[in-house]
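Undergrad: I'd like to ask some things about the structure below.
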Amino acid sequence: MTQPLIEKVQQTYEAWNAGALEDVVAAFDGGLTWVVPGRTDAAGKAETKEQVTTVLRALADSGYQSSPRHYLADEDRVVVLLQATIDGKQHGAVDVWTFEGGKLAKYQHASTDTTLIDRALSGE
Numbered sequence: 001m002t003q004p005l006i007e008k009v010q011q012t013y014e015a016w017n018a019g020a021l022e023d024v025v026a027a028f029d030g031g032l033t034w035v036v037p038g039r040t041d042a043a044g045k046a047e048t049k050e051q052v053t054t055v056l057r058a059l060a061d062s063g064y065q066s067s068p069r070h071y072l073a074d075e076d077r078v079v080v081l082l083q084a085t086i087d088g089k090q091h092g093a094v095d096v097w098t099f100e101g102g103k104l105a106k107y108q109h110a111s112t113d114t115t116l117i118d119r120a121l122s123g124e
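In UniProt numbering, the protein residues as written are 1 to 124.
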């Protein structure tokens, strides 16, 4: 089951980098918990599609781009090691995508530079 999960995650990154926000949001089935690092109002847990969409719009407006480097997976989890770029500044990050019954249930992002994420989410 790991390859289909990796493919779903890869397609979501491709949609994100292509600017297809609707396709990214569509990847998030109901019941999702989205965990975002930082100290802004947008940081913390987003648990509805509307909350996730708000966070994604803020990141899209900042020009956030993800360049996945490695995918590691087990039966219900995909871990992605990536290089992220915000306003031309790069930082390392790890995304953890957790699935339940083949549907995305939780997304968690960990960054080596949370100040960049804070600036992106606050619109600075």
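From the three backbone atoms N, C-alpha and C, an ideal C-beta is built for every residue, glycine too.
Assign glycine 101 to buried or exposed, taking buried as 16 or more other Cβ atoms, counted over all protein chains shown, within 10 Å of its Cβ.
TA: exposed
Undergrad: In three-state DSSP terms, what is glutamate 100?
TA: For glutamate 100, the three-state secondary structure derived from DSSP is strand.
Undergrad: Exposed or buried, what is alanine 84 when buried is set at 16 or more other beta-carbons lying within 10 Å of its beta-carbon?
TA: buried
Undergrad: If distances are taken between C-alpha atoms only, which option among Thr112, Arg57 and Glu50 comes closest to aspartate 95?
TA: Thr112
Undergrad: With H, G and I counted as helix, E and B as strand and the rest as coil, what does DSSP make of leucine 56?
TA: helix
Undergrad: Taking all protein chains shown into account, do 16 or more other C-beta atoms lie within 10 angstroms of the C-beta of threonine 12, making it buried, or fewer, making it exposed?
TA: buried
Undergrad: Report the option in Ala26, Thr54 and Trp34 whose CA atom is closest to the CA atom of glutamate 47.
TA: Trp34
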